């Protein structure tokens with residue numbers, strides 16, 4: 302029998318140390334032991350839930366943030382990921398690798414943002430481990446959500462500044478939100494649903510930045526990937542789509558939209574609508590307090606795989622009415638914002654009476 | 002041999018492309034590129050990967066066309082679905098395309 306795998310009394314810290322410093326055989330055994338103890342913990346939680354009559358849906362996962370940052374060691378190949386583990390949740394000490402340490406820190410901030418503002422527990426709302434690989438490829442000007450993890454290149458100094466990708470909070474929040482979208486609305490990645498998918502990543506990306514910096518609506522830059530480009534101020538502007546860099550083709554109004562448009566360009570329409578909602582509700586307020594909660598419920602409760610801009614407009618109008626009241630300042634703000642980008646929201650004849658778990662949690666904290 | 006390379010998508014969402022006629026490259030550069038094409042086993046690669054892209058986002062999409070004396074082949078791939086042996090060729094073309102774009106600005 303595998304001695305290491307059957308032994309549950311080795312402290313997790315020691316197991317993590319073995320994973321980092323042991324031989325490949327020791328690493329395998331330590332990983333297996335951790336997996337076994339993770340499974341046991343989950344089973345114990347479920348049993349405790351049954352005995353205590355608690356809500357099973359809420360006890361099955363991990364309640365703490367769990368981050369692992371890997372070094373892809375410049376591999377170009379997604380199949381070689383995640384790479385070599387460099388920093389685990391338990392590691393208080395910095396590694397000295399700026400990308401590893403910044404990515405670790407920022408991933409933690411994104412987790413805290415979702416947890417504190419939306420009572421969401423990680424990517425899947427069930428404590429999913431947040432895995433990231435830095436130093437992917439050679440001079441790779443990109444960050445990617447693979448379906449399982451986040452991946453960051455170094456930048457080439459031709460397009461993105463070297464070292465700017467893994468250390469940008471809005472980029473990490475953007476990529477992690479792709480994971481949230483996968484577990485919620487699951488918007489397909491093309492056409493208007495794809496643009497809404499991108500939009501959600503930008504909206505929660507900028508809100509996370511504003512929450513961390515305690516920026517009010519009129520204090521925020523509303524920029525995603527600020528200072529990352531060699532030429533230009535950012536990757537995107539939610540306030541003024543199409544102005545982030547010299548050849549920025551993002552659009553801000555339906556009159557400029559055409560079928561087949563790239564999703565990173567058409568996402569400017571809902572991006573601008575979100576900014577307008579925040580501005581209309583109040584320049585001296587915080588985006589995440591009202592507009593953010595409308596958008597969060599839309600993402601987690603209402604939008605579906607093939608939802609389009611019109612659906613997003615109708616749904617957010619409905620949610621604003623449900624949360625803040627019909628003809629409230631907030632519902633009017635949502636109407637005006639969508640109208641401002643060329644989409645007239647249609648009010649649902651009846652506000653849904655089905656209160657989902659997520660909506661109930663949001664209503665509790667409003 | 003002529004190589005046409007197009008890249009789109011990524012978190013920024015911009016396009017870049019480059020056309021290279023290997024006959025106009027220096028002998029060293031031509032030999033390097035020729036080797037990358039051979040190492041990629043380019044003419045044996047499927048035109049499009051059947052692997053699913055569902056649940057992934059912000060990946061680059063690539064289209065490479067190579068015309069040789071007696072054959073022509075197109076390959077469409079992404080960061081997510083790319084075969085390992087193609088990665089060095091894509092890395093080379095991506096950098097050339099970026100440098101060209103940089104020179105044009």
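Residue numbers (my numbering), protein chains in the order written: chain A, 302 to 667; chain B, 2 to 106. Cβ atoms here follow ideal geometry from the backbone N, Cα and C, with glycine treated the same way. Keep in mind the model is a prediction, meaning the values are calculated, not measured.
Item, Value
"Cβ-Cβ distance between residue 698(A) and residue 442(A) below 8 Å", "There is no way to answer for residue 698(A), as the model of chain A reaches only from 302 to 667."
"Residue 607(A), DSSP secondary structure in three states", "coil"
"Per-residue burial, residue 72(B) [other beta carbons within 10 Å of its own, 16 or more giving buried]", "exposed"
"Whole-number beta carbon distance between residue 17(B) and residue 99(B), since they are thought to touch under 8 Å", "6 Å"
"Counted within 10 angstroms of its Cβ, other Cβ atoms place residue 647(A) as buried (16 or more) or exposed", "exposed"
"Residue 577(A) CB to nearest heavy atom of the ligand MG below 7 Å", "The ligand content of the structure shown is nil, which means the ligand MG is not present either."
"Residue 573(A): first and last residue of the uninterrupted alpha helix (DSSP H) it sits in", "569-582"
"Check whether residue 425(A) and residue 484(A) have beta carbons under 8 Å apart", "yes"
"Residue 547(A) vs residue 450(A) beta-carbon contact at 8 Å", "no"
"Terminal residues of the alpha helix (DSSP H) in which residue 480(A) lies", "470-484"
"Residue span of the alpha helix (DSSP H) that contains residue 372(A), given as start and end", "Segment 368-372 is the beta strand (DSSP E) holding residue 372(A); no alpha helix (DSSP H) there."
"Outcome for residue 91(B) when other beta-carbon atoms lying within 10 angstroms are tallied against a minimum of 16", "buried"
"Classification of residue 617(A) by the beta-carbon crowding that lies within 10 angstroms, buried from 16 upward", "buried"
"Boundaries of the beta strand (DSSP E) in which residue 416(A) is found, first to last residue", "Not the beta strand (DSSP E): residue 416(A) falls in the alpha helix (DSSP H), residues 399-419."
"Neighbouring residues, chain B, relative to residue 444(A) (Cβ below 9 Å)", "11, 12, 59"
"Nearest neighbour of residue 586(A), chosen from 462(A), 517(A), 551(A), 568(A) [CA to CA]", "517(A)"
"Backbone secondary structure at residue 531(A) - three-state DSSP", "coil"
"Chain-ordered residues of the stretch 555-569 of chain A with a beta carbon less than 9 Å from chain B", "563, 564, 565, 566, 568"
"is_contact[residue 436(A), chain B] using C-beta, thresh 8 Å", "no"
"Meets three-Cβ-pair contact criterion under 8 Å: the stretch 24-36 of chain B and the stretch 636-645 of chain A", "no"
"Contact with chain D by residue 498(A), beta-carbon distance below 8 Å", "This model lacks chain D altogether; the protein chains it does include are A and B."
"Pair within 8 Å by beta-carbon distance, residue 403(A) and residue 412(A)", "no"
"Amino acids of chain B, ordered along the chain, whose beta-carbon sits closer than 9 Å to that of residue 476(A)", "12, 58, 59"
"Runs of alpha helix (DSSP H) lying entirely within the stretch 18-48 of chain B, each at least 4 residues, in chain order", "28-40"
"C-beta neighbour in chain A for residue 81(B), strict 8 Å", "yes"
"Three-state class that DSSP yields for residue 65(B) in the structure shown", "strand"
"DSSP bridge partner residues for residue 77(B) (one or two, in chain order)", "49(B), 64(B)"
"Residues of the stretch 363-384 of chain A whose Cβ lies closer than 9 Å to any Cβ of chain B, in chain order", "376, 377, 378, 379, 380, 381"
"Terminal residues of the beta strand (DSSP E) in which residue 55(B) lies", "Where residue 55(B) is concerned, there is no enclosing beta strand (DSSP E), given that its DSSP letter is neither H nor E."
"Chain A contact for residue 42(B) (CB, 8 Å cutoff)", "no"
"Straight-line gap, residue 531(A) to residue 503(A) (C-alpha atoms, nearest Å)", "21 Å"
"Residues near residue 77(B) in its chain [Cβ-Cβ closer than 6 Å; skip 5 each side]", "49, 64"
"Closest by C-alpha distance to residue 367(A), when choosing among 378(A), 406(A), 471(A)", "406(A)"
"Within-8 Å CB hit, residue 101(B) to chain A", "no"
"Inter-residue spacing [alpha-carbon to alpha-carbon] between residue 55(B) and residue 557(A)", "28 Å"
"Alpha-carbon to alpha-carbon, residue 57(B) and residue 549(A)", "24 Å"
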